[in-house]
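Take a look at the structure set out below.
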Amino acid sequence: MMELDHLVAGYDRQPVTPSLSGTIETGSMIAITGVNGCGKSTLLKTLAGFISPVSGSIHWSAGRPVIGWLAQRHALESQFPLTVQDVVSMGAWPRVSLLKALDRATRVRIAAVLERVGLSSLARDTIDRLSGGQFQRMLFARVLLQQAPLVMLDEPFTGVDEATRQVLMALMMEMNRQGQTVLAVLHDSQCVAEYFPETLHLAAEKAYWGRTQEALPA
704 MMELDHLVAG
714 YDRQPVTPSL
724 SGTIETGSMI
734 AITGVNGCGK
744 STLLKTLAGF
754 ISPVSGSIHW
764 SAGRPVIGWL
774 AQRHALESQF
784 PLTVQDVVSM
794 GAWPRVSLLK
804 ALDRATRVRI
814 AAVLERVGLS
824 SLARDTIDRL
834 SGGQFQRMLF
844 ARVLLQQAPL
854 VMLDEPFTGV
864 DEATRQVLMA
874 LMMEMNRQGQ
884 TVLAVLHDSQ
894 CVAEYFPETL
904 HLAAEKAYWG
914 RTQEALPA
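Remember, the working numbering sits 703 above the position in the sequence shown when you count from 1.
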């Protein structure tokens, strides 16, 4: 799917990550780990195309696919007068025009993903009323609706309780079983070791990338 050729991620031409070379295969499930400030989120944004590499390049085997993106919780504004259903329905774009009403099939799919994340009863609530865990469930529902071949999640478990974390982890595994490639920035090494076959660990001057048992620090 994606080949990294001496890729260095950063901002304003200042490198943050070490040089990365390797291949992200279609259908893989990769955790991106490392200490705070090592460039995990910066790397993910670079892979998604939100920011340009400082150096090196990304080669796509069949063109850049649609990406299902889940940003960090603090990067999202919760004060807009949107309902849970409004936010989740954004996952239907661009397949559904912004200028057209949602058709019945899309509304059924929205209801189905809300049911899967346990938010059916909150569909018409405004997002400012949601707890941290409910907010993350809503964002996962939007990604589920999108059905993108490549899913990128930036610290998806921040601010959620253990029950919600288990629900969201199960959804990530289900997406991967259905053939979606999953990249996730994570801090919980136990979760990574248990669920992720592959890890890209960023250290001060070097990246460790491979099977989780080998790449994740002891």
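Each residue gets a CB set at the ideal place from its N, CA and C atoms; glycine is no exception.
None of the values given here were measured: they were computed from a predicted structure.
- With a minimum length of 3 residues, the unbroken runs of beta strand (DSSP E) contained wholly in the region 713-738 fall at 723-727 and 732-737.
- With a minimum length of 3 residues, the unbroken runs of beta strand (DSSP E) contained wholly in the region 815-886 fall at 853-857.
- Following the DSSP letters along the chain, one finds Leu710 inside the beta strand (DSSP E) bounded by residues Met705 to Val711.
- Between the C-alpha atoms of Gly913 and Val757 there is a straight-line separation of about 23 Å.
- Shortest Cα-Cα distance from Gln850 to any of Pro859, Phe860, Met872 and Gln883 involves Gln883.
- Separation of Thr729 and Leu785 (C-alpha to C-alpha, rounded to the nearest whole angstrom) is 34 Å.
- If you draw a 10 Å sphere on the C-beta of Gly766, you find fewer than 16 other C-beta atoms in it, and that means exposed.
- In the structure shown, Leu747 adopts helical secondary structure according to DSSP, grouped into three states.
- For Ala906, the closest C-alpha among the options Glu897, Ser731, Thr736 and Met704 is that of Thr736.
- Closest in alpha carbon position to Thr867, among Trp772, Glu818 and Gly836, is Gly836.
- Scanning Leu822, Gly759, Ile761 and Val863 for the CA closest to the CA of Val791 turns up Leu822.
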